[in-house]
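The structure under discussion appears below in the form of structure tokens.
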Amino acid sequence: MVRVESPPTDREVPVVRVVLPPVVLLAAATAAGAALVVPAARIPVAVCGAITTVVVAVLTVALHRRKRAMAAQRAEYEQRVAYLEHRILSHDSETVRLTKEVMPAAIRRLRVGNSPEEVMRDIVDADAANRHLPKALREQIYQVLEVIDNEEARRDSAQRAFVSVARRVQAIVHRQASELREMEDHYGRNPEVFDDLLRIDHGTALIGRLADSIAVLGGARPSRQWPKPVPLFSVLRGAMSRILEYQRVDLHSIAKVAIVGTSVEPLIHACAELLDNATRYSPPQTRVHVTAVEVQTGIAIEIEDGGVSLSEEARARAENMLAQAQAGINMNDLGESPRLGMAVVGRLSRMYQLQVSLRQSAYGGVRAVLIVPRDMITTGPAPGIAHGIGATSRPTSSLDMSQLQHVVPPPGKRKPKPAATGPVPSAV
């Protein structure tokens, strides 16, 4: 069988085949010239022809050697270029693998509590391809892991400091709220004093919500605990009592269910932040409407205001803030003028499996929908109260007061009120 192949193009040509044609041509020209001239000039013509033939032969050999040297250099250059291209492609593929596979896996191991040394050892042992990584790349990965580890340590330290400060403020607020409730019980028959106490109690609740927000952003859970289930209506009333413009909120069609005690405080806080946003970013003459209906996944709490409706860009920005908070927002990402509402709601929704969405409202404003899962709902007896006055609406606190004696002074004994003279005011 005969195979048809293309003729080789890089086969080396012998020197004789290169030199022979010009030499033969010049020799023939010299012989022809000597034959055509007179006999006296034949010898000079032959000598000149021979010299010319030798010079052309020497130049042809030199040019052929130069051509061979250039061909060799070109081949070597092409080999080097091919080698460099191969190295660049392999380096690019290795860089892509490091960026998409090795570094994310290393960062995940680092964030679960491993040190950079343990992460590097696990990476090298986990994949055989990582054992052949150059030393420079290993050093680079290790330095990146050290930087990330130091940043995580500083961020955790800052968050713990924020939580510690917030806990101290919460202890002071809890002590002050307890004393205010006792004073409300004691001076409940004096309308003027009772009205002043209610205003102070409301301001204390606002300070407590701010301290709770700082603690939640620091990764902690709300400090107050409700030992018994609380009706959903009372939970929403408790959320209203923690905002400034609670008079503008109207409750409609609240489902007759109760919230388990461990989930009362997070739900109150999340609803209070949404209500605060609804009243803060809507005209003061408009109303905020709240409904709570049962759905397949739990309870849907809808909060609608009559402000300016969100554009698609603003809604995407708000939902992005919620998503960042659910993923774990950094304190440095809040900015100089932080808007804590959405960040706190996102953190609470991550901790307690809540679902939050923002849509345009039928009233021209924004409708926030908060889905409460069924494991937070109960249909049994709910003796707890999250709103109202007196000891019945007082939650317990998970703070250890014995460790905060330098912050919260011990309660003093209240002096008995002297007997009133004159008409006794009616009970409020």
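Residues in the sequence shown are numbered from 8 upward in steps of one, following the numbering used here.
Glycine is no exception: its CB is placed at the ideal position from the N, C-alpha and C atoms.
Please report how far the alpha carbon of residue i lies from the alpha carbon of residue j, in whole angstroms.
i, j, result
"residue 7", "residue 144", "The question about residue 7 has no answer, for the chain in this structure spans 8 to 435."
"residue 184", "residue 363", "30 Å"
"residue 41", "residue 72", "32 Å"
"residue 85", "residue 95", "15 Å"
"residue 367", "residue 373", "5 Å"
"residue 111", "residue 380", "32 Å"
"residue 242", "residue 126", "46 Å"
"residue 348", "residue 281", "7 Å"
"residue 200", "residue 116", "59 Å"
"residue 230", "residue 264", "24 Å"
"residue 23", "residue 34", "16 Å"
"residue 74", "residue 63", "16 Å"
"residue 164", "residue 293", "43 Å"
"residue 350", "residue 153", "28 Å"
"residue 307", "residue 301", "6 Å"
"residue 284", "residue 382", "27 Å"
"residue 191", "residue 160", "45 Å"
"residue 93", "residue 81", "18 Å"
"residue 105", "residue 119", "20 Å"
"residue 224", "residue 330", "14 Å"
"residue 65", "residue 141", "53 Å"
"residue 90", "residue 100", "15 Å"
"residue 275", "residue 246", "5 Å"
"residue 39", "residue 69", "27 Å"
"residue 260", "residue 312", "16 Å"
"residue 352", "residue 359", "10 Å"
"residue 76", "residue 21", "14 Å"
"residue 304", "residue 288", "29 Å"
Who are the near neighbours of residue i in its chain, counting only those whose CB is closer than 6 Å to its CB and skipping five residues on each side?
i, result
"residue 221", "169, 173"
"residue 235", "268, 390, 391"
"residue 249", "212, 216, 279"
"residue 255", "286, 294, 295"
"residue 176", "218"
"residue 56", "37"
"residue 252", "286"
"residue 49", "41"
For residue i, which three-state DSSP category applies?
i, result
"residue 391", "coil"
"residue 375", "strand"
"residue 269", "helix"
"residue 191", "helix"
"residue 258", "strand"
"residue 385", "strand"
"residue 51", "helix"
"residue 229", "coil"
"residue 21", "coil"
"residue 380", "strand"
"residue 45", "coil"
"residue 119", "coil"
"residue 196", "coil"
"residue 290", "coil"
"residue 185", "helix"
"residue 252", "coil"
"residue 141", "coil"
"residue 360", "coil"
For residue i, collect the residues of the same chain with a Cβ closer than 7 Å to its Cβ; drop the 5 residues on either side in sequence, then sort them by chain order.
i, result
"residue 180", "211, 214, 215, 218"
"residue 202", "none"
"residue 448", "Here the chain has residues from 8 to 435 only, and residue 448 is not among them."
Quick one: measure Cβ to Cβ for residue i and residue j, integer angstroms, because I've assumed they're closer than 8 Å.
i, j, result
"residue 268", "residue 391", "7 Å"
"residue 3", "residue 314", "Beyond the ends of the chain as shown, which are 8 and 435, falls residue 3; an answer cannot be given."
"residue 378", "residue 361", "7 Å"
"residue 26", "residue 67", "5 Å"
"residue 369", "residue 310", "At roughly 13 Å, the Cβ-Cβ gap does not stay under 8 Å, so residue 369 and residue 310 are not in contact."
"residue 239", "residue 277", "Their Cβ separation, rounded to whole angstroms, is 13 Å, which puts residue 239 and residue 277 out of contact at 8 Å."
"residue 355", "residue 325", "Not really, about 16 Å apart at Cβ, beyond 8 Å."
"residue 109", "residue 130", "6 Å"
Name, in chain order, the residues that DSSP records as bridge partners for residue i.
i, result
"residue 366", "374"
"residue 296", "257, 311"
"residue 6", "Residue 6 lies beyond the range of the chain shown here (8 to 435); nothing can be said about it."
"residue 238", "265"
Run the proximity test for residue i: is its beta-carbon closer than 8 Å to any non-hydrogen atom belonging to the ligand ZN?
i, result
"residue 125", "Inclusion of the ligand ZN in the displayed structure is not the case, the ligand content being empty and no account of it being possible."
What does a CB cutoff of less than 8 Å around residue i pick up in its chain, not counting 5 residues either side in sequence?
i, result
"residue 233", "268, 269, 271, 272, 391, 393, 402, 403"
"residue 123", "117, 149, 152, 153, 156"
"residue 187", "204, 207, 208, 211"
Looking at chain C, is there any beta carbon in it that lies within less than 9 Å of the beta carbon of residue i?
i, result
"residue 357", "Structure shown: chain C not included; a single protein chain is present."
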